[in-house]
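2 protein chains.
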Amino acid sequence: MGDITIIGTGNMARTIGTLAVAGGNTVEVLGRDQSKADDLAKALGSGTTAGEWGAVPSGDIVITALLYDGVVPVVVEYGDALSGKVIVDISNPFNATFDGLTHSEETSIAQEVAKVAPAGASVVKAFNTIFRDVLEKGRPHVFIAGDSAEAKASVKAFVESLGLRALDVGGLQMAPWLEGMGLVTVGLAGNGVGHGDFALGVNEFNG
Amino acid sequence: MGDITIIGTGNMARTIGTLAVAGGNTVEVLGRDQSKADDLAKALGSGTTAGEWGAVPSGDIVITALLYDGVVPVVVEYGDALSGKVIVDISNPFNATFDGLTHSEETSIAQEVAKVAPAGASVVKAFNTIFRDVLEKGRPHVFIAGDSAEAKASVKAFVESLGLRALDVGGLQMAPWLEGMGLVTVGLAGNGVGHGDFALGVNEFNG
Numbered sequence: 004m005g006d007i008t009i010i011g012t013g014n015m016a017r018t019i020g021t022l023a024v025a026g027g028n029t030v031e032v033l034g035r036d037q038s039k040a041d042d043l044a045k046a047l048g049s050g051t052t053a054g055e056w057g058a059v060p061s062g063d064i065v066i067t068a069l070l071y072d073g074v075v076p077v078v079v080e081y082g083d084a085l086s087g088k089v090i091v092d093i094s095n096p097f098n099a100t101f102d103g104l105t106h107s108e109e110t111s112i113a114q115e116v117a118k119v120a121p122a123g124a125s126v127v128k129a130f131n132t133i134f135r136d137v138l139e140k141g142r143p144h145v146f147i148a149g150d151s152a153e154a155k156a157s158v159k160a161f162v163e164s165l166g167l168r169a170l171d172v173g174g175l176q177m178a179p180w181l182e183g184m185g186l187v188t189v190g191l192a193g194n195g196v197g198h199g200d201f202a203l204g205v206n207e208f209n210g
Numbered sequence: 004m005g006d007i008t009i010i011g012t013g014n015m016a017r018t019i020g021t022l023a024v025a026g027g028n029t030v031e032v033l034g035r036d037q038s039k040a041d042d043l044a045k046a047l048g049s050g051t052t053a054g055e056w057g058a059v060p061s062g063d064i065v066i067t068a069l070l071y072d073g074v075v076p077v078v079v080e081y082g083d084a085l086s087g088k089v090i091v092d093i094s095n096p097f098n099a100t101f102d103g104l105t106h107s108e109e110t111s112i113a114q115e116v117a118k119v120a121p122a123g124a125s126v127v128k129a130f131n132t133i134f135r136d137v138l139e140k141g142r143p144h145v146f147i148a149g150d151s152a153e154a155k156a157s158v159k160a161f162v163e164s165l166g167l168r169a170l171d172v173g174g175l176q177m178a179p180w181l182e183g184m185g186l187v188t189v190g191l192a193g194n195g196v197g198h199g200d201f202a203l204g205v206n207e208f209n210g
């Protein structure tokens, strides 16, 4: 159990917040619209607070629960307030037809975030391969990628506090492939897999 | 059960050939080194034949069980002999350090094969996310991508003849992401997941 800040007040912020509270974490919610942040904090309960937009987040882990095109601007806006934090990017930069990514496949939102993050901050890609409703009702595997072993250990502990398994795929240079796996998940759902109630994960076969 | 041709005489050719024979398929093996093809055909048994290098393959499905950099050249060499065939590319274009792909992420070996394949041939990406030893002893999910629904149905039937589940992720433009998932599989293994005895797949959560 740790201190988590969620930047964002939308559906994914609510879902992750709900799981985080249930997992015994101390949660802070930040929203540009303070009333929405206040409402979400109240809805999450269990001591969840709504911080002040732009101030230093209280959580050691800061989850940017934003649409993909909002992540880099918000990290830039927060600037040094994120120094020393573990920034968790959960976004999926899907194109308008959900069959490709918006950016060149040579990069990822997570890597772009790392470029603008302040000194001492670490970036971890996580959660993006999971549909929100599956996160609410299932026990999906959570793929994580990042360059800092310490930051990944911190995110892994958080994931496990939610009752979920974290799967470390490697450094942040793997983030493009996790973003591609978000696309693969959409593709599989479009072909009727599990009536949409599924997530990519690992299946083990050892003895 | 169908007619399958495997181009290649290495370990992956042997593994897929073994499963294909067990699944009741009629198998042909093709190798540039005819004696190796003859040996593999004999080892696979059950009527497996070794065809003549360069001649029209007997199988409707032609699996190129080759190293990634051999696939496009062989498809070019075969040329019109592959007309009307379903070409299954199973390759992983890993770089020397196994933490990136050799080609730009804007393409994939499968898409490069499609560019040089003769008229009437269809290309399907499949099997590349599965370690060979897992394919031998487990029941891994087989992700497939391709632009022809008919070709994918044919590959799906073949996969099912092996007792495996085929998961259609969409068109051939998804092949880069399947190649990335090959890389993610290596990354997970490097982090100790399942002692290497695992494969990416889907986990379902519906009621």
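As they're listed, the protein sequences go chains A and B.
With our numbering, letter number 204 in the first sequence gets 207, and the count goes up by one each step, no holes.
With our numbering, letter number 174 in the second sequence gets 177, and the count goes up by one each step, no holes.
Glycine included, every Cβ here is placed at the ideal spot set by N, Cα and C.
Among the residues of chain A, none has a CB under 9 Å from the CB of phenylalanine 161(B); the nearest is roughly 17 Å distant. Taking 8 Å as the upper bound on Cβ-Cβ separation, chain B lies near residues Asp171, Val172, Gly173, Gly174, Gln176, Met177, Pro179, Trp180, Leu181, Gly183, Met184, Leu186, Val187, Gly190 and Leu191 of the segment 171-191 of chain A. No Cβ of chain B is located within less than 8 Å of the beta carbon of leucine 167(A).
Segment contact: the segment 50-64 of chain B against the segment 98-118 of chain B, fewer than three CB-CB distances shorter than 8 Å; contact not assigned.
In the structure shown, the three-state DSSP call for phenylalanine 101(A) is coil. Distance from histidine 144(A) to glycine 204(A) at the Cβ level is roughly 3 Å; contact confirmed, criterion being Cβ atoms closer than 8 Å. In the DSSP assignment, serine 164(B) falls outside any beta strand (DSSP E) and lies within the alpha helix (DSSP H) extending over 152-164. Just so you know, the alpha carbons of phenylalanine 161(B) and glycine 5(B) end up roughly 7 Å apart. Leaving aside the five residues that flank glutamate 153(B) on each side, the residues in its chain whose CB is nearer than 8 Å to its CB run, in chain order, Ser125. Under a 10 Å Cβ-count criterion, lysine 118(B) is classified as exposed, with fewer than 16 other Cβ atoms of the shown protein chains found around its own Cβ.
Under the Cβ distance rule, proline 96(A) does not count among the residues neighbouring chain B, no pair being separated by less than 8 Å.
Straight across, the Cα-Cα distance linking proline 121(A) with alanine 84(A) is about 8 Å. Measuring C-alpha to C-alpha distances from valine 158(B) to each of Asn28(B), Arg17(B) and Thr18(B) identifies Asn28(B) as the nearest. Taking C-alpha positions only, glutamate 31(A) is separated from valine 196(B) by approximately 32 Å. Interface residue (Cβ-Cβ distance to chain B less than 8 Å): valine 158(A) is not classified as such.
Counting along the chain, isoleucine 19(B) sits inside the alpha helix (DSSP H) bounded by residues 14-25. The DSSP assignment places complete beta strand (DSSP E) segments of no fewer than 3 residues inside the segment 51-116 of chain A at 64-67 and 89-92, in order along the chain.
Taking C-alpha positions only, leucine 191(B) is separated from aspartate 36(A) by approximately 39 Å.
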